[in-house]
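*Asks:*
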Amino acid sequence: MAEYEMKDKTFALFRNEKKEKETQPDYQGDIMIEGKKFRLSAWLNETKAGKKYIKGAYSEPFEGGKSGGSSNSRRQDDF
12 MAEYEMKDKT FALFRNEKKE KETQPDYQGD IMIEGKKFRL SAWLNETKAG KKYIKGAYSE
72 PFEGGKSGGS SNSRRQDDF
């Protein structure tokens, strides 16, 4: 994947190919706000009435090493 330069007030999300548990996000990425980058996490959800929606959270960027994981066989629907 080609590198890109983030611009202020923009974000990018990518499918979490290493998801192993339902508590882990379906999508992850970054957002730039006033020159500072934050980490984004997003989950695909559905209301009791069957309406689909995306729930998300942001946090300070993780500066540690890479986390391991195995490939995921769960259904990969787009939102």
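In our numbering, the protein residues as written are 12 to 90.
The C-beta atom is built at its ideal place from N, Cα and C for all residues, glycine as well.
1. May I have the straight-line CA-CA distance separating R26 from Q39, to the nearest angstrom?
2. Starting from the C-beta of F22, find all residues in its chain whose C-beta is less than 7 Å away, skip the five residues before and the five after it, and write them out in chain order.
3. Could you say which of E71, K18, Q35 and E16 lies nearest to W54 if we only look at CA atoms?
4. Which class does T1 belong to by DSSP, given the choice of helix, strand or coil?
5. Are there 16 or more other CB atoms within 10 angstroms of the CB of D37, so buried, or fewer, so exposed?
6. Can you tell me where the beta strand (DSSP E) with A60 in it begins and where it stops?
7. Could you tell me the alpha carbon to alpha carbon distance between P72 and K59, rounded to whole angstroms?
8. List the endpoints of the continuous beta strand (DSSP E) containing G40.
*Replies:* Let's see:
1. Roughly 7 Å between the two C-alpha positions.
2. So the qualifying residues of the chain are G40, D41, I42 and L51.
3. Looking at E71, K18, Q35 and E16, the one whose alpha-carbon comes closest to that of W54 is Q35.
4. For the chain, the structure presents residues 12 to 90; residue 1 sits outside this window and is missing.
5. By the 16-neighbour rule on beta-carbons within 10 angstroms, D37 is buried.
6. Looking at the DSSP string, A60 is not in any beta strand (DSSP E), and its letter there is neither H nor E.
7. C-alpha of P72 to C-alpha of K59: approximately 33 Å in a straight line.
8. Boundaries of the beta strand (DSSP E) around G40: Y38 to I44.
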